[in-house]
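Numbering-wise, full-length UniProt numbering puts 171 at position 171 of the sequence shown, and it's gapless, one number per residue. Presented below is the structure to which this report refers.
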Amino acid sequence: MSSSGDALAALEFFPWSRHFEVGIEEIDEQHKKLVKIVNRLVWHAVSDVPQARCDHILDELLSYAHYHFNSEEQIWNSVLGSEGIARNHHDSHQMFFAQIQTLRSSGQPKGQIMSDLFDFLARWLAFHILESDRRMAMTVKAVEQGLPLDEARRQVDDQLGGSVGELISALLEVYSKLSSSTAQLMRENLTRE
């Protein structure tokens, strides 16, 4: 691999940060693995490998996401029950799969599908981890520390509302733009080789 290829491999579409940790080790480790698979998918897609290879990695991502979502939902349901916020969380997981299927079957050119997929993955993963999973993990921890569920939810809403919510929104916007720019840079580096 050339030095520009080495530099390309060092770029990450979705750089992991400890700020994505939700404080439940099993979930944090699974999130890291999801991010690694996403980064590998993007790297292969911009490297112009055969579509079959990208499809294989996307299938791997979907399979691992299914495993991860089931693990996550077991944790949430064991503490919070399977209704209310846990049900809404489950529905967001189902939307993830539906959106990827919609993108895959859109009939658009490969480059457009991958671009739309990267944008979706960056936004969805960042929001889902930073806001949704963080909210669920904080609620679970508060209930495990003895707070009734309604009080735990109010406490978490207070902690994640206001300026923290605005900060998360701003970070999501920046992350989305960064991810999009990184994918474009990776593509441009490859065309120069």
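All residues carry an ideal CB built from backbone N, CA and C; glycine is no exception. For clarity, every value in this text was computed on a predicted model and none was experimentally measured.
Query: Reference histidine 31, options Thr102, Phe69, Asp48, Phe120, closest by Cα; Result: Phe69
Query: Local Cβ density within 10 Å of alanine 65, reported as buried at 16 or more and exposed below that; Result: buried
Query: Reduced DSSP secondary structure (H/G/I, E/B, other) of isoleucine 24; Result: coil
Query: Inter-stretch contact (C-beta, 8 Å, three-pair minimum) for the segment 77–84 and the segment 32–43; Result: no
Query: Aspartate 133 burial status per 10 Å Cβ neighbour count (16 or more: buried); Result: buried
Query: Glycine 162 versus phenylalanine 14: straight-line alpha-carbon distance, rounded; Result: 26 Å
Query: Residues of its chain near isoleucine 113, where Cβ-Cβ distance is below 8 Å and the 5 sequence neighbours each way are ignored; Result: Leu103, Arg104, Ser106
Query: Inter-stretch contact at 8 Å, needing at least 3 Cβ pairs: the segment 141–158 / the segment 120–132; Result: no
Query: Euclidean distance between Cα positions of alanine 122 and serine 47; Result: 19 Å
Query: Test item: CB-CB of leucine 62 and phenylalanine 118 under 9 Å; Result: no
Query: Arginine 154 burial status per 10 Å Cβ neighbour count (16 or more: buried); Result: exposed
Query: Buried/exposed call for valine 35, threshold 16 Cβ in 10 Å; Result: buried
Query: Buried/exposed call for phenylalanine 20, threshold 16 Cβ in 10 Å; Result: buried
Query: Ordered list of alpha helix (DSSP H) runs contained in the UniProt domain "Hemerythrin-like" (23–137), each at least 4 residues; Result: 25–46, 51–80, 85–104, 110–127
Query: Continuous alpha helix (DSSP H) stretch holding glutamine 159: start and end; Result: 149–160
Query: Secondary structure of serine 169, DSSP reduced to three states; Result: helix
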